[in-house]
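The next block holds one structure in the form of structure tokens; read it before the comments.
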Amino acid sequence: MSSKKPNKTPQAIRGTQDIFGPDAEAFAFVVETFERVRKLYRFRRAEMPVFEKTEVFSRAIGETTDVVSKEMYSFDDRGGESLTLRPEFTAGIARAYLTNGWQQHAPLKLATHGPLFRYERPQKGRYRQFHQLDAEIIGAGEPQADVELLAMADQLLKELGITGVTLHLNTLGDADSRDAWRGALVEYFRAVQGELSEDSQERLEKNPLRILDSKDRRDQKFVADAPKIDAFLSDEALAFFEAVTSGLDAAGVQWTRAESLVRGLDYYRHTAFEFVPDEGSEAAGLLGSQSTVLGGGRYDGLMESLAGPATPAVGWAAGIERLAMLCNGTGCEQLEVAIAAENSDREGEAAEMAAAFRYAGFSTEVFASGSPKKRYDKARKAEPAILISLDVRDGASANNLSALDQDYQREADAAEIFAARTGG
RNA sequence: GCGAUCGUAGCUCAGUUGGUUAGAGCGCCGGUUUGUGGUACCGGAGGUCGGGGGUUCGAGACCCCUCGAUCGCCCCA
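Read in order, the letters of the first sequence correspond to residues 66 to 489 in my numbering.
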């Protein structure tokens, strides 16, 4: 919107959001549930800076990835150093782990959440400033770590009340398995190169694994018969994957094998996973095409890219906005007590009574502004469990308490406070 | 970076093949009615129809440009 007016209200930055109302309640509900669940699994809370030296991300994530090559918010600070707003958590966590000597706590279970930044075109479920939950287990190379991490993710989704979402699981094998598989895929797709989509012809050079989850029909007919990772897995890699899957079964985590699931970033090895809405489910409809709600995997090579010791690790991240879309309507709690001061002489008492209710642990709202005659209706429209009217009739105080919600449990306690305050 | 759709009151939206002074509902403010009650009625504030240019006797509507939003591709949570 261009305008000659000098004092036009500035607009928010593209891809940023002002979250309010039910959306904000759902957002808070997601974060609160995550905090509760991570404590059950004894993941320790950590806070990292929102920005880092650019090289933290370019080295850890990979120069050639889209995230680094075209999606980072980078800028020079006043000393001329290139800094970047974090596009993901893992690289910063790895840096913190190394610079703070957190090796002493290994194996370390870490959880955090907060804003991330990526310069992309916004669309449904995707923003330039977005928010993620993040959980990592660092310094644990055993498949049990993958299982515990996934069990936590699964419980989180259940506690959020999210249904119609299942765990898609794959293995990328160890470095050798992955390289051999990649070579076979390149060979296979090169043979039919001319029939692939334009995007996939390019992927063949840059990131052949990505062809496997192409949405283009021209690609999909070849994907079905493409070489499978299973044929290239070393004995160790196979044993690792079997330990993960049997551990998930033992923990009661539902999963499905997704042979063409590959993760975008270079550092993933072995386990790769995503929680994705089932086709045709309500969740799928709510999310649009940005459907992955939680994703991650094992990244055994990451620490070395930051000049640290070889350190096995697994982690996942989940988009808070996407999770919140799936649990809208939850998190918004009912108003317990509404107090309508229907006469301006009662406004002071209404405030005092509200304080009494609030100290007793009742969520309370006072209606004492605007036309006195319309305050009762306003209070009523707030749909409280208990509605209290303070009025003046024939020169004397007139008080009334009515219970509007039949199922409300604390009515007797509320009535007691009301009676004590009104001398009745 | 590419593509599609869309910008009218604080919000949700009408607005006919271009035709007087741009409307409704909700919300907000005030009044009348009611007087232990989610009432009804009346009134008010609030819009250079995203911005600029063009076509026309006449543009909210048609054309071009621009800004913005939404959704999709790429990529990803």
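For glycine and all other residues, C-beta sits at the position ideal for the given N, C-alpha and C.
All figures in this text were calculated on a predicted structure; none of them were measured in a lab.
Quick check: what's the CA-CA separation for residue i versus residue j?
i      : j      : result
GLY460 : LEU221 : 57 Å
GLU37  : ILE294 : There is no way to answer for residue 37, as the model of the chain reaches only from 66 to 489.
GLN464 : ASP472 : In the sequence on display, residue 464 carries Asn and not Gln. Distance between the alpha carbons of ASN464 and ASP472: 23 Å.
ALA200 : LEU359 : 11 Å
GLY312 : PHE306 : 10 Å
SER279 : PHE338 : 17 Å
LEU351 : ASP219 : 20 Å
SER134 : PHE122 : 11 Å
VAL318 : SER467 : 47 Å
SER434 : ALA447 : 14 Å
THR155 : LEU330 : 11 Å
GLU407 : GLU112 : 48 Å
GLY384 : PHE483 : 44 Å
THR164 : MET368 : 11 Å
ASN235 : ILE276 : 16 Å
Helix, strand or coil, according to DSSP, for residue i in the structure here?
i      : result
LYS280 : coil
GLN471 : coil
LYS293 : coil
ILE227 : coil
GLN169 : helix
ALA425 : coil
LYS174 : strand
ASP365 : coil
THR310 : helix
LEU455 : strand
VAL318 : coil
MET66  : Reliability fails at MET66, whose pLDDT of 34 lies under 50, so the model's placement of it is uncertain and the value that follows must be treated cautiously. Reduced to three states, the DSSP call for MET66 is coil.
Residue i and residue j: beta carbons closer than 9 Å?
i      : j      : result
LEU214 : HIS196 : no
THR119 : SER147 : yes
THR376 : GLY179 : no
TYR332 : ILE126 : yes
THR149 : TYR138 : yes
VAL309 : PRO208 : yes
VAL257 : PHE287 : yes
VAL402 : ALA419 : yes
LEU371 : ARG151 : no
LEU400 : SER428 : yes
ILE404 : VAL431 : yes
LEU391 : ALA421 : no
ILE84  : PHE92  : yes
TYR491 : THR81  : The chain is shown from 66 up to 489; residue 491 falls before or after that span and cannot be answered.
SER262 : ASP284 : yes
ARG411 : LEU455 : yes
Under the DSSP definition of a beta bridge, which residues are partnered with residue i?
i      : result
ASP141 : SER147
TRP381 : ALA200, GLY361
ALA337 : ASN235, GLY362
ASN464 : LEU455
Going along the chain, which unbroken runs of the beta strand (DSSP E) with 3 or more residues stay wholly within the region 428-453? 429-432
With a floor of 4 residues, list each alpha helix (DSSP H) that falls wholly inside the region 79-153, ordered by position along the chain. 87-105, 119-126, 131-135
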